[in-house]
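First comes the structure, then the notes that go with it.
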Amino acid sequence: MPTTRQFRPTTGNLPLPFSLLAAMLLATLLVSGCGGYSGETPIERVRQALADKGDYSIVLADAKEENGQYFEKLYVVEEGKEQPEATDWLETSQSDFEAMVPLIGMTVFNKKGSEESFEAAPPGYEHVGDPKYGEWQRDSSGGSFWMYYGQYRLMSDLLGWGRVRQNDYATYQNHRRNGQPYFGPNKEYGMNGEMTRKKHPDFFQRAQSKEVMKKSSFSNKVQSRIGRTSTSSMRARSGGVGK
158 MPTTRQFRPT
168 TGNLPLPFSL
178 LAAMLLATLL
188 VSGCGGYSGE
198 TPIERVRQAL
208 ADKGDYSIVL
218 ADAKEENGQY
228 FEKLYVVEEG
238 KEQPEATDWL
248 ETSQSDFEAM
258 VPLIGMTVFN
268 KKGSEESFEA
278 APPGYEHVGD
288 PKYGEWQRDS
298 SGGSFWMYYG
308 QYRLMSDLLG
318 WGRVRQNDYA
328 TYQNHRRNGQ
338 PYFGPNKEYG
348 MNGEMTRKKH
358 PDFFQRAQSK
368 EVMKKSSFSN
378 KVQSRIGRTS
388 TSSMRARSGG
398 VGK
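The sequence shown begins at 158 in this note's numbering and counts up by one.
Here you go:
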């Protein structure tokens, strides 16, 4: 499971171990721990917190709406680390929430050196071609695919990193140049993707439960209306017979 930090006020010395990410986010995300909304998106807040740090990417792990408030949870994948770190629930605006929900389970920000990208893509695509993370190999048919090194197995298990065929990577690059999100060769990622459903089940269980409740509420209203209509009709007929 990803490491989750609770960003709340502390006094005295910080407990150890305390990661660089947690230390940086403590100052900038403290407002979220107190239940406030800063006016900046969660991605922007994490980006500002880690502005002077090394390469990293952000995956949208979850999103929810509660009592008219909107929240997002992010995974931060730092260079060289074999496990992502999760933020708390960070409050955001309705417009940001609605824009981000279709990208659940995807990398939504990536920083490499001085280059930053907000183009959404399947998690791990940002590391394809980087020899620190893996290498190109050939399959039995002669096709090329990217294979991550074994130490990143946990990323594969948690986020869905997997083999990336060279043709699919070329398609991703085209989408990126055009500023378009790429949901995978078979649209496995994002809100409607099968891979996302496997790796981020909480979002879908919550959404399904909400939909069931809506349908149940609608059904109850319909039944209530039918009952009232039926009763009124029977009374009308009964009144007619008695005359």
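Don't be surprised by glycine CBs; every beta carbon is placed ideally from N, CA and C.
Predicted, not measured: the structure shown is a model, and the values here were computed from it.
Query	Result
Are the stretch 256-264 and the stretch 211-230 touching by the rule of at least three beta carbon pairs closer than 8 angstroms?	yes
Quick check on Q401: does DSSP put it in helix, strand or coil?	The structure shown does not extend to residue 401, since the chain spans only 158 to 400, so no value can be given for it.
Just to confirm my understanding: we take D287, look at its own chain, exclude 5 residues before and 5 after, and list those with CB closer than 8 angstroms. What are they?	none
Alpha carbon to alpha carbon, how far is Q294 from V216? Give it in angstroms, no decimals.	26 angstroms
Mind checking E229: buried by the 16 CB within 10 Å criterion, or exposed?	buried
In whole angstroms, what separates the C-alpha of L315 from that of K356?	6 angstroms
Suppose contacts are defined by Cβ-Cβ distances below 9 angstroms. Is Y282 in contact with Y326 by that definition?	yes
Any chance you could list the alpha helix (DSSP H) runs of at least 4 consecutive residues sitting entirely within the stretch 200-277, in chain order?	251-257
Check the DSSP bridge columns for S297 and list the partner residues they point to.	S297 pairs with nothing; no bridge assigned.
Determine the extent of the alpha helix (DSSP H) in which R320 is found, giving its start and end residues.	Segment: none, R320 is in no alpha helix (DSSP H) and carries neither H nor E.
Hey, quick one: how far does the alpha helix (DSSP H) through T198 stretch, first residue to last?	It is not in any alpha helix (DSSP H) - T198 carries neither H nor E in the DSSP assignment.
Mapping DSSP to helix, strand and coil, what is E283?	helix
Please say whether R322 and P342 have beta carbons closer to each other than 9 angstroms?	yes
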